[in-house]
Amino acid sequence: MPDLGLDVLFKGKNFARLLGGLGIALRISVIAILVSVVLGTVLGVLRQRENLILKAFMRLYLEVIRIMPQLVLLFLVYFGTTRSFGWDLSGETASVIVFSLWGTAEMSDLVRGALSSIPGHQYESAAALGLKKTQVYLYVVLPQAVRRLIPLSINLITRMIKTTSLVLMIGVVEILKVAQQIIEANRMNSPNAAFGVYLTVFVLYFLVCWPISVLAGKLEKRWG
Amino acid sequence: MIELRHLGKIYKTANREIVALEDINLSVQDGEIFGIIGLSGAGKSTLVRCVNLLEKPSSGHVFIDGEDITEFDRKSLLSLRRSIGMIFQDFNLLEQRSVLRNVTFPLEVSGVKRAAARERAMELLKLVGLSDRAESFPSQLSGGQKQRVAIARALATNPKYLLCDEATSALDPNTTRSILELLKRINQTLGVTIVVITHEMKVIYQICDRVAVLDQSRIAEEGKVSDVFADPRSEIARELILPERIGISWQKTSSKEQQEEV
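Residue numbers (my numbering), protein chains in the order written: chain A, 29 to 252; chain B, 21 to 282.
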């Protein structure tokens with residue numbers, strides 16, 4: 029059997045360090061996801077309004093964030109703001125800001141899409157039953173919109189978690205960076221470590237994202 | 021009694037105005053089944069939506085039991101809507117709720133106790149012939165069954181009026197017939213006044229007492245179904261009725277022929 033270099037994991041605190049790195053990646057993504065879901069929902073609902081200025085602004089925001097690679101956004105917020113505005117952001121703060129901006133933009137678009145996919149006659153028949161506007165949203169529109177939203181937002185959430193691997197480029201020591209450090213440190217005595225360590229990283233990412241997909245599947249089934 | 025007086029509706033778009041209804045005068049008597057027929061775009065859906073003010077008329081008045089509802093505030097309007105049931109072409113059931121909970125829904129929202137709402141819903145499901153499907157979900161039902169649930173839901177709050185907007189247009193002929201029979205029974209046993217919107221003359225022919233023919237935003241003709249059917253005066257009524265009359269007589273002869281063959 030080829031040497032997969034898995035032994036490196038059991039040297040010293042290597043495995044614990046990897047988990048610590050994963051923790052940092054998750055901390056960034058969880059905060060960003062929470063912010064995105066809340067702000068994205070609010071903005072998504074606001075985009076339903078017939079306000080031209082608001083619409084134009086939201087459109088611009090969404091397009092800019094979408095067109096820009098996440099890495100460029102990270103560089104812009106981390107390095108750019110330091111020179112231009114004199115902000116001393118930590119790598120992690122910069123990451124949270126970028127991921128929240130990105131997540132909010134994408135989420136608002138998903139919410140807008142889900143809301144506008146509810147046909148007009150649903151609003152109408154709810155009103156015909158004598159429901160107030162808030163009741164129409166609460167009992168009729170939102171439950172249906174949420175159901176359509178779940179698969180899409182789960183996709184966004186796992187994408188956000190995976191994309192946090194980019195933050196090592198602005199010096200945040202998350203799981204991938206820790207993995208690189210471990211591999212580098214053992215280059216001489218365990219040259220095959222790259223495979224074993226990256227494999228472990230893969231498995232850890234999988235263990236985080238997979239339950240989310242399973243949960244989403246369950247929710248979809250229950251409400252479908 | 022539902023009375024429409026000089027009712028008009030104009031939709032304003034960015035660069036032009038679209039007249040949907042023009043000087044509509046109608047009265048629907050208590051206890052009757054009143055049909056409104058017209059081609060697509062004639063304004064019939066807009067017209068029926070003006071009766072419970074889902075659409076706000078641009079001019080004219082709507083009187084329900086003598087009260088001008090165009091002057092109602094929001095609160096009285098909500099309670100008025102509970103006394104006017106409405107069913108639609110696409111049923112509009114809540115997919116995530118069971119049949120029973122779809123029917124109890126308007127009751128729950130208006131604050132009726134759960135047990136009482138349940139009891140009322142079971143009564144209605146029995147009326148529409150779906151007692152055994154109470155725990156099913158809409159996705160497990162056929163189109164006709166869905167419309168029956170929608171009818172039960174519309175009747176939950178004990179409305180005096182029932183508005184049917186193309187209620188049978190998505191159903192096949194047999195299902196259409198059974199839904200129409202149900203509506204007729206509801207009209208006769210519960211005394212609910214029914215307004216039927218349709219583009220199919222046979223719907224009018226099968227259940228309505230009186231009919232108004234709508235053409236290009238105006239009422240072209242109005243009267244007892246038998247009179248209008250026997251002697252359509254307007255161009256549009258002839259257009260809608262004659263092929264149907266031929267169809268019905270053809271059906272009669274063909275069924276006779278079948279019998280003879282047997």
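Even for Gly, the Cβ is constructed at its ideal location relative to N, Cα and C.
Report yes or no: is there a C-beta of chain B within less than 8 Å of the C-beta of residue i?
{"i": "Ser153 of chain A", "result": "yes"}
{"i": "Gly245 of chain A", "result": "no"}
{"i": "Gly108 of chain A", "result": "no"}
{"i": "Ala156 of chain A", "result": "yes"}
{"i": "Gln98 of chain A", "result": "no"}
{"i": "Gln150 of chain A", "result": "yes"}
{"i": "Lys249 of chain A", "result": "no"}
When the cut-off is 8 Å and only beta carbons count, does residue i lie next to chain A?
{"i": "Ser118 of chain B", "result": "no"}
{"i": "Pro126 of chain B", "result": "yes"}
{"i": "Asn72 of chain B", "result": "yes"}
{"i": "Asp229 of chain B", "result": "no"}
{"i": "Arg238 of chain B", "result": "no"}
{"i": "Glu281 of chain B", "result": "Note that Glu281 of chain B scores 46 on pLDDT, short of 50, meaning its location in the model is unreliable and no value can be drawn from it."}
{"i": "Asp110 of chain B", "result": "yes"}
{"i": "Val123 of chain B", "result": "no"}
{"i": "Val215 of chain B", "result": "no"}
{"i": "Arg134 of chain B", "result": "no"}
{"i": "Ser156 of chain B", "result": "no"}
{"i": "Arg258 of chain B", "result": "no"}
{"i": "Leu98 of chain B", "result": "yes"}
{"i": "Arg102 of chain B", "result": "yes"}
{"i": "Ser79 of chain B", "result": "no"}
{"i": "Gln278 of chain B", "result": "Interpretation of Gln278 of chain B is limited by its pLDDT of 49, a score under 50 that renders its predicted location unreliable; no figure is taken from the coordinates."}
{"i": "Leu67 of chain B", "result": "no"}
{"i": "Leu114 of chain B", "result": "yes"}
{"i": "Ser130 of chain B", "result": "yes"}
{"i": "Met142 of chain B", "result": "no"}
{"i": "Met221 of chain B", "result": "no"}
{"i": "Met21 of chain B", "result": "no"}
Tell me, to the nearest whole angstrom, how far the beta carbon of residue i is from that of residue j; I am working on the premise that it is less than 8 Å.
{"i": "Ile182 of chain A", "j": "Phe127 of chain A", "result": "Rounded, the Cβ-Cβ distance is 16 Å, inconsistent with contact."}
{"i": "Met86 of chain A", "j": "Arg75 of chain A", "result": "5 Å"}
{"i": "Phe111 of chain B", "j": "Val215 of chain B", "result": "About 18 Å; that fails the 8 Å criterion."}
{"i": "Ile217 of chain B", "j": "Leu46 of chain B", "result": "Wrong, their Cβ atoms sit about 12 Å apart, outside the cutoff."}
{"i": "Asn72 of chain B", "j": "Arg101 of chain B", "result": "5 Å"}
{"i": "Val174 of chain A", "j": "Leu114 of chain B", "result": "At roughly 13 Å, the Cβ-Cβ gap does not stay under 8 Å, so Val174 of chain A and Leu114 of chain B are not in contact."}
{"i": "Leu184 of chain A", "j": "Ala133 of chain A", "result": "Actually they do not touch by this definition, with Cβ atoms about 10 Å apart."}
{"i": "Ile89 of chain B", "j": "Val48 of chain B", "result": "No, Ile89 of chain B and Val48 of chain B are not in contact; Cβ-Cβ is about 14 Å, not under 8 Å."}
{"i": "Thr191 of chain A", "j": "Gln98 of chain A", "result": "6 Å"}
{"i": "Ile146 of chain A", "j": "Leu50 of chain A", "result": "The pair is not a contact, with the Cβ atoms about 38 Å apart (cut-off 8 Å)."}
{"i": "Gly283 of chain B", "j": "Gly211 of chain B", "result": "Nothing about residue 283 of chain B can be reported from this structure: the residues present for chain B run from 21 to 282 only."}
{"i": "Phe125 of chain B", "j": "Arg117 of chain B", "result": "7 Å"}
{"i": "Ile44 of chain B", "j": "Met221 of chain B", "result": "Not a contact, Cβ separation roughly 20 Å."}
{"i": "Glu152 of chain A", "j": "Leu74 of chain B", "result": "6 Å"}
{"i": "Asn220 of chain A", "j": "Gly33 of chain A", "result": "4 Å"}
{"i": "Leu71 of chain A", "j": "Ile93 of chain A", "result": "With a Cβ gap of about 12 Å, Leu71 of chain A and Ile93 of chain A do not count as contacting."}
| message | Counting beta carbon pairs with one atom in the stretch 151–160 of chain B and one in the stretch 70–87 of chain B, are three or more of them shorter than 8 Å? | response | The stretch 70–87 of chain B vs the stretch 151–160 of chain B: no contact.
| said: Measuring CB atoms only, is the stretch 204–216 of chain A touching the stretch 29–42 of chain A, in the sense that at least three cross pairs come out at less than 8 Å? | reply: yes
| Along the stretch 160–193 of chain A, what residues have a CB closer than 8 Å to any CB found in chain B? | Lys160, Gln163, Tyr167, Val168, Pro171, Gln172, Arg175
| Uninterrupted alpha helix (DSSP H) stretches inside the stretch 45–129 of chain A (no shorter than 4 residues) | 80–95, 98–103, 109–113
| query | Whole alpha helix (DSSP H) runs in the stretch 49–103 of chain B with 4 or more residues, listed along the chain? | reply | 64–71, 94–102
| task | Write down every uninterrupted run of the alpha helix (DSSP H) in the stretch 95–165 of chain B whose length is 4 residues or greater and which is fully enclosed by it, in chain order. | result | 119–129, 134–147
| query | Below 8 Å, can you find three or more Cβ-Cβ pairs linking the stretch 219–233 of chain B to the stretch 197–204 of chain B? | reply | yes
| the stretch 23–41 of chain B: positions lying closer than 8 Å to chain A by Cβ | Cβ contacts with chain A come from no residue of the stretch 23–41 of chain B.
| query | Which ranges would you report for the alpha helix (DSSP H) in the stretch 161–193 of chain A if only whole runs of at least 4 residues count? | reply | Qualifying alpha helix (DSSP H) stretches, in chain order: 170–191.
| How about the stretch 102–113 of chain A and the stretch 185–198 of chain A: do they share at least three Cβ pairs that are nearer than 8 Å? | Contact between the stretch 102–113 of chain A and the stretch 185–198 of chain A is present, with at least three C-beta pairs closer than 8 Å.
| Unbroken beta strand (DSSP E) runs of length 3 or more, entirely within the stretch 174–230 of chain B: which are they? | 181–185, 213–218
| task | Could you tell me whether the stretch 137–149 of chain B touches the stretch 171–179 of chain B, using the rule of 3 or more Cβ pairs below 8 Å? | result | Contact between the stretch 137–149 of chain B and the stretch 171–179 of chain B is present, because at least three Cβ pairs lie under 8 Å.
| field | Segment contact flag, the stretch 56–72 of chain B with the stretch 236–243 of chain A, C-beta cutoff 8 Å, min 3 pairs | value | no
| Any contact of the stretch 176–187 of chain B with the stretch 107–117 of chain B, i.e. 3+ C-beta pairs under 8 Å? | yes
| Do the stretch 110–125 of chain A and the stretch 152–160 of chain A meet, that is, are 3 or more Cβ pairs less than 8 Å apart? | no
| the stretch 230–248 of chain B / the stretch 49–63 of chain B touching (three or more Cβ pairs under 8 Å) | Contact between the stretch 230–248 of chain B and the stretch 49–63 of chain B is established, with three or more Cβ pairs separated by less than 8 Å.
| said: So if I threshold CB-CB distances at 8 Å, which residues from the stretch 43–57 of chain B count as touching chain A? | reply: none
| message | With a threshold of 8 Å, are at least 3 pairs of Cβ atoms found where one atom belongs to the stretch 136–145 of chain A and the other to the stretch 167–186 of chain A? | response | Cβ pair count under 8 Å is three or more, so yes.
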